[in-house]
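Chains as they are written, first to last, in the numbering used here: chain A, 43 to 238; chain B, 43 to 238.
Some notes on the structure that comes next.
2 protein chains.
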Amino acid sequence: MTSRQEKATATKQRILRTALALFSEKGFDRVSVDEIVRKSATSKGAFYGHFTTKYDIFLEKFKEIDQFYRDFQDSLPEDLPAEQKIRKLATVQMAYLRDELGRDGIRALYAYALTPSVDNYLSDTERPLYTILEQMVSEGQAHGELSPSVSSGRLALLLSRSMRGTLYDWAIFDGDFDLTGEIDGWLELLFSGIRK
Amino acid sequence: MTSRQEKATATKQRILRTALALFSEKGFDRVSVDEIVRKSATSKGAFYGHFTTKYDIFLEKFKEIDQFYRDFQDSLPEDLPAEQKIRKLATVQMAYLRDELGRDGIRALYAYALTPSVDNYLSDTERPLYTILEQMVSEGQAHGELSPSVSSGRLALLLSRSMRGTLYDWAIFDGDFDLTGEIDGWLELLFSGIRK
DNA sequence: CAATTCCATAGACCGCAGTCTATAATCTAT
DNA sequence: ATAGATTATAGACTGCGGTCTATGGAATTG
C-alpha cells in the first residue's frame with residue numbers, strides 16, 4: 043500500500059468513526075454532513091470520495107448485522123424444531139435492531155430504502171437473513187413441520203416481510219411498542235392461522 | 043365569506059390542482075415546490091400559508107381513500123363470510139392504491155410517514171380502514187369463523203400491518219410484483235397458518 | 001532526477017424544502 | 001370616511017444533501 047492510499051484509508055476511517063459517534067449521540071437526521079466533515083477535519087470532497095451518500099455510512103453499521111445472523115445461526119442447537127428456530131431468530135433480531143440501531147436508525151434506514159433507484163440493502167435477497175430463513179423453512183418442510191403449500195424461498199420472503207412490516211410499524215407508531223413481543227405474537231398467529 | 047377569504051380559498055385550490063396535476067404527470071419527487079408555485083402563479087408564502095408541507099398536499103389525495111373504503115363497505119353483501127370480506131377488501135384496496143397513487147406515490151407516502159414527529163396518517167387508528175376491518179373481524183369472531191384468541195382490535199391492527207408490509211415491499215422491490223396477488227396469497231397463508 | 005500523470009481533497013456551488021420578514025390589500029371600529 | 005388592525009401573499013433567505021472544479025503533492029515514467 044502506497045503512502046497515498048494509507049492516508050486515504052485513514053481519512054475514510056476518521057470520517058466513519060466521527061459519523062457513527064455523532065449518529066449515536068444525536069440521531070441520524072440531526073447530524074449534517076457538514077458537521078461530520080468539520081468534526082473530522084476533512085471536507086465534502088473527501089466525504090463523497092469515500093461514501094456515495096450520507097446513508098451509505100449508516101449501511102456500514104447495518105451490515106454488521108449480517109455477522110450477527112451468522113453467529114446466531116452457529117449458536118443455535120441443531121435439533122430444535124423449525125418453528126422455534128424461526129421464532130427465536132425473529133425475537134433475537136428485533137432485540138438486536140432495537141438496541142443497536144434504535145427507532146431513529148430504523149426510520150432512517152427504512153426511509154432510505156424508499157429512495158427511488160437505489161438498490162437498497164433491505165430488498166437484497168442474497169442477505170444472510172434470507173438464506174438462513176430459507177434453510178430453516180426447508181428443514182421444517184422436510185421434517186413435516188411446516189406447510190409444503192408454498193416454496194421455501196417464498197415462505198422465507200414472506201417471513202422477512204413480516205419482520206419489515208413489524209419494524210416499519212415500530213418506526214411510525216409513537217408510544218409503547220414492544221418489538222420482541224409484537225413479532226412473537228405475530229408469528230404465533232401466522233403459524234397457527236387465524237381461521238377457527 | 044369575505045372577499046379576502048374567497049380569494050384565499052381560490053389560491054389554495056389553484057395550488058392544489060396544479061400540484062396534483064404535476065404529481066401525476068411527473069411523479070411526486072420530481073416536482074419541486076418552486077415549480078408548483080411558478081405554474082400556479084402564486085408564491086412560497088401562499089403555498090406554506092395553505093399547506094404545512096409538500097407532502098401535506100399529497101395527503102389530500104390520499105384521504106380520498108377513506109371515501110373509497112366507505113363505498114366499498116356499502117357495496118359488500120351483508121351475508122358474505124368474514125374471511126371473504128377481508129380478502130376482498132384487501133385486494134380491492136391494493137388495486138386502488140396501485141392505480142391511483144402508483145409506486146411513486148406509495149413511496150412518497152411511506153417515506154413521509156417515517157419523518158420523525160409527524161403525526162402521520164398511516165398510524166391513525168381512527169381511519170375508516172381500521173374501523174371497517176375491526177368490524178369484519180368481530181363479526182367473524184361472533185360467527186365462530188375467526189379465532190377468538192386475540193381481540194378484534196388487535197387482529198385488525200395486524201391485518202392492516204400486513205397490508206403496510208406488502209405495500210412497503212412493493213415500493214422497495216424493483217421489477218414485477220403483483221400487488222393483488224401478493225396480498226391474497228399472503229392472507230391465504232395467514233388464515234390457514236403455516237404449521238402443518 | 002526531471003517531466004508528466006494521477007488522484008485525494010478542499011471548498012465553492014446547486015437545487016431543494018421550508019422559514020422569515022415586509023407589504024399591500026382588505027376588514028373593522030369609530 | 002378614515003385610522004388602525006389584520007392577514008394573504010411575495011420573495012429573500014437558511015440549512016440541507018449532493019455535485020463540480022481546481023489544486024497540490026504523491027506516483028510513475030524515461
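In this text, a Cβ means the ideal position worked out from N, Cα and C, and glycines have one as well.
Since the model is a prediction, treat every value here as computed from it, not as a measurement.
On the DSSP letters alone, give me the boundaries of the alpha helix (DSSP H) that B/L58 sits inside. For B/L58, the uninterrupted alpha helix (DSSP H) segment begins and ends at 45-68.
query = Since B/A132 contacts B/G182 with CB under 8 Å, what's their CB separation in whole angstroms?
reply = Contact doesn't hold; Cβ gap of about 14 Å is too wide.
Which of the three DSSP states is assigned to A/R237 in this structure? strand
* Asked: Opposite A/L17 in the DSSP bridges: which residues?
  -> Chain A is shown only over 43 to 238; residue 17 of chain A falls outside these bounds and no answer can be derived.
Query raised in the report: Any beta-carbon of chain B closer than 8 Å to the one on A/L200?
Result: By this cut-off, A/L200 is an interface position.
At the 8 Å Cβ level, is B/T173 part of the contact set with chain A, yes or no? no
Under 8 Å, Cβ to Cβ, is there at least one residue of chain B near A/G235? yes
Since B/D211 meets chain A, which of its residues come closer than 8 Å, beta carbon to beta carbon? S165, R203, R206
Considering only the alpha carbon of each residue, which of A/I214, A/S45, A/D108, A/R129 lies closest to B/Y163? A/I214
Item to check | Rounded C-alpha distance that separates A/K54 from A/L151 | outcome: 21 Å
**Message:** Please report whether the beta-carbon of B/R149 lies at a distance below 8 Å from any beta-carbon of chain A.
**Reply:** yes
TODO: Would you kindly check if the distance between the Cβ of A/Y138 and the Cβ of A/D110 is under 8 Å?
DONE: Sequence inspection shows Phe at residue 110 of chain A; the Asp mentioned does not correspond to that position. Contact annotation: A/F110 and A/Y138 have beta-carbon atoms nearer than 8 Å.
Minimum length 4: unbroken alpha helix (DSSP H) runs contained in the stretch 175-228 of chain B: Scanning the stretch 175-228 of chain B from its first residue to its last, the whole alpha helix (DSSP H) runs of 4-plus residues come out as 194-214.
* Asked: Taking the alpha helix (DSSP H) that A/R145 falls in, what are its first and last residues?
  -> Start and end: 144-155.
| task | Let me know if B/E168 comes out buried or exposed under the rule of 16 or more other beta-carbons within 10 Å of its beta-carbon. | result | exposed
Measuring alpha carbon to alpha carbon, tell me which of B/A155, B/I225, B/G217 ends up nearest A/D211.
B/A155
Expressed to the nearest angstrom, what Euclidean distance is found between the alpha-carbon atoms of A/R237 and B/P119?
21 Å
Would you say B/S189 lies against chain A (beta-carbon separation less than 8 Å)? yes
- For the 8 Å Cβ check, are there 3 or more pairs between the stretch 180-199 of chain B and the stretch 174-193 of chain A? In short, these stretches do not touch, since the Cβ pair count stays below three.
Can you tell me whether A/T167 is helix, strand or coil according to DSSP?
coil
Looking at the C-beta of A/V73, does it have a partner C-beta in chain B at a distance below 8 Å? no
Touching or not, the stretch 168-180 of chain A and the stretch 189-208 of chain A, by the rule of three or more beta carbon pairs under 8 Å?
Output reads yes: the stretch 189-208 of chain A touches the stretch 168-180 of chain A.
inquiry  = How far does the alpha helix (DSSP H) with A/R112 in it extend, from its first residue to its last?
reply    = 106-117
Outcome for B/G147 when other beta-carbon atoms lying within 10 angstroms are tallied against a minimum of 16: buried
Is A/I107 close to chain B? Criterion is C-beta to C-beta, closer than 8 Å. no
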